[in-house]
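Engineer: Numbering (the working numbering), first residue to last: -3 to 368.
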Amino acid sequence: MIPVVLLLLATPDAGRPAKAAPEPSITVLFSGDVTLGFHYEEWVDQLIAKGTGKDAALGWGFDRVKARTTKADLFVANLECPFTARGEKIPKNFNFRARPELVAALAAGGVDVVSLANNHLMDYGPDGLADTLETLRGAGITAFGAGPTLEQARQGAVVTRNGVTIAFLGYFFLGDRNIEPKEVIAAGEAPGVAGHFSSVEELTEMLKADIATAKTRAQVVIPFFHWGREGRTQPEPYQVALAHAAIDSGAAAVIGSHPHVLQGMEQYQGAPIVYSLGNFVFGGNWDPKDKRTALVELTVTPRGVKAMTVLPAVSDHFPEAPAQPELLEGDAGQAVLDHLRTISVPLGAVPLGLRQGKPLDQQVAHGADAGR
């Protein structure tokens, strides 16, 4: 029977041209900062002590969103803590880590890929990095943005789903306000995260080279930056410069995190730039002042990003449900979208129809229309 099937597929109709196969597409969902240590670990232990089953307690943070996050073809998050019980604290203001068993939270939430290019991945040094990479591999989760050497940290990760191949690149950069020790960033044969300690010019050249290399390995390239100033809803000038350089070099979209709040979004050369997605399952703060957050879903084809949908959310319901985000509907969801539009106006080209998943060329407004 197999040869007959192949023959039928090869000759659809002698009198008509064969229809072109539909272009493959996938949905890629992005969240902001996920920290499973510190208060999250503390809360999990409290749940277990009160009788909650261990598996349910470990996955607590994603309970209210997993019905949506597990539907995406790929779910990508910024993992802002190492999975380790080893290592020494590096000297800095805040050090996060999570027990390796807490990787179960990512699995429960359907997380497929994580960026490690941030200011907390190296909080417990090279041992913490090594344990994190091993833990993620064991859980079947792909990681990018950090490695045993700078070259490996810059390689990124290439993932294929349904005929669409995406290269994810990760970078950490805080400009002239860097509060982290230099050993956070990989250099030569030294382990760490991809990025640069102080020079936006050198990071831009690194970015351009990495995108060029990634485009030989994948159809679509998406950089994920950890950048900006905490608590600021507007991106720093260097964020805009780096994002535009990425798009000019062939990236299909740019995603960002670190400020712990939403920042404005824009479209540049037809490509979406999401400067900060704020906190998601974030155990670094019991009760963040600004709880507005969002998930961004991109519809991606081999040619790039076809559509974008923003899903408004709240980061937690402290004290009853810390570090447990929830998607918002109705007036509450609209208020987050209105806030996003307002803070996006200064960036010039604002994505509209944020929840409709419309084609990107139907979502851009300029000037006076941008605030509507």
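Heads up, the beta-carbon is just placed ideally off N, CA and C, and yes, glycines get one too.
Give me, in chain order, the residues of the same chain whose beta-carbon lies closer than 6 Å to that of Gly143; leave out the 5 immediate sequence neighbours on both sides.
Structural biologist: The answer, listed in chain order, is Ala149.
Engineer: Could you check which residue in Leu291, Lys285, Glu262, Phe314 has the C-alpha nearest to that of Val341?
Structural biologist: Taking only the C-alpha atoms, the option nearest Val341 is Glu262.
Engineer: Pop quiz: Thr138 and Val155 are said to be a contact at Cβ under 8 Å. What is the actual Cβ separation, rounded to whole angstroms?
Structural biologist: Yes, Thr138 and Val155 are in contact; Cβ-Cβ is about 6 Å, under 8 Å.
Engineer: Out of Phe58, Val257, Asn114, which has the shortest C-alpha to C-alpha gap to Ala182?
Structural biologist: Residue Asn114 is the option with its Cα nearest to Ala182.
Engineer: DSSP puts Gln263 in a beta bridge; with which residues?
Structural biologist: Answer is Pro268, bridged to Gln263.
Engineer: Cβ of Leu25 within 7 Å of Cβ of Leu343?
Structural biologist: Not a contact, by the Cβ cut-off of 7 Å.
Engineer: Going by other Cβ atoms of all chains shown within 10 Å of its Cβ, with 16 needed for buried, is Ala52 buried or exposed?
Structural biologist: With fewer than 16 other Cβ atoms within 10 Å, it is exposed.
Engineer: Figure out for me which residue from Ala153, Ile86, Arg157 has the closest Cα to the Cα of Val296.
Structural biologist: It is Arg157 whose Cα lies nearest to the Cα of Val296.
Engineer: Taking the alpha-carbon of Lys204 as reference, which of Ala101, Gly166, Ser194 has the nearest alpha-carbon?
Structural biologist: Checking every option, the nearest Cα to that of Lys204 belongs to Gly166.
Engineer: By alpha-carbon positions, which one of Lys88, Val257, Gly266 ends up nearest to Ala239?
Structural biologist: The shortest C-alpha separation from Ala239 is found at Gly266.
Engineer: State buried or exposed for Asp283, treating a residue as buried only when at least 16 other CB atoms are found within 10 Å of its CB.
Structural biologist: It counts as exposed.
Engineer: Counting only C-beta atoms, is Ile137 closer than 7 Å to chain C at any point?
Structural biologist: Of the chains in the structure shown, none is chain C; there is only one protein chain.
Engineer: Looking at the strands, I want to know which residues DSSP matches up with Asn74.
Structural biologist: According to DSSP, Asn74 bridges with Asp29, Ser111.
Engineer: For Thr66, which option in Ser245, Val72, Gly105 has the closest C-alpha, if you only look at C-alpha atoms?
Structural biologist: Comparing Cα positions, the closest option is Gly105.
Engineer: Please classify Ser253: is it buried, with 16 or more other beta-carbons within 10 angstroms of its beta-carbon, or exposed?
Structural biologist: Buried, since its Cβ has 16 or more Cβ neighbours within 10 Å.
Engineer: How big is the Cα-Cα spacing for Val61 and Lys285?
Structural biologist: For Val61 and Lys285, the distance between alpha carbons rounds to 21 Å.
Engineer: Could you please give the first and the last residue of the uninterrupted alpha helix (DSSP H) stretch that includes Arg337?
Structural biologist: First-last of the alpha helix (DSSP H) with Arg337: 326 to 340.
Engineer: Extract the residue ranges of the alpha helix (DSSP H) inside the stretch 215 to 289, only unbroken runs of 4 or more that lie entirely within it.
Structural biologist: Taking only runs of at least 4 residues, the alpha helix (DSSP H) segments lying wholly in the stretch 215 to 289 are 233 to 244.
Engineer: If you compare alpha carbons, which of Phe221, Ala73, Glu76, Thr212 is closest to Val196?
Structural biologist: That would be Phe221, whose Cα lies nearest to the Cα of Val196.
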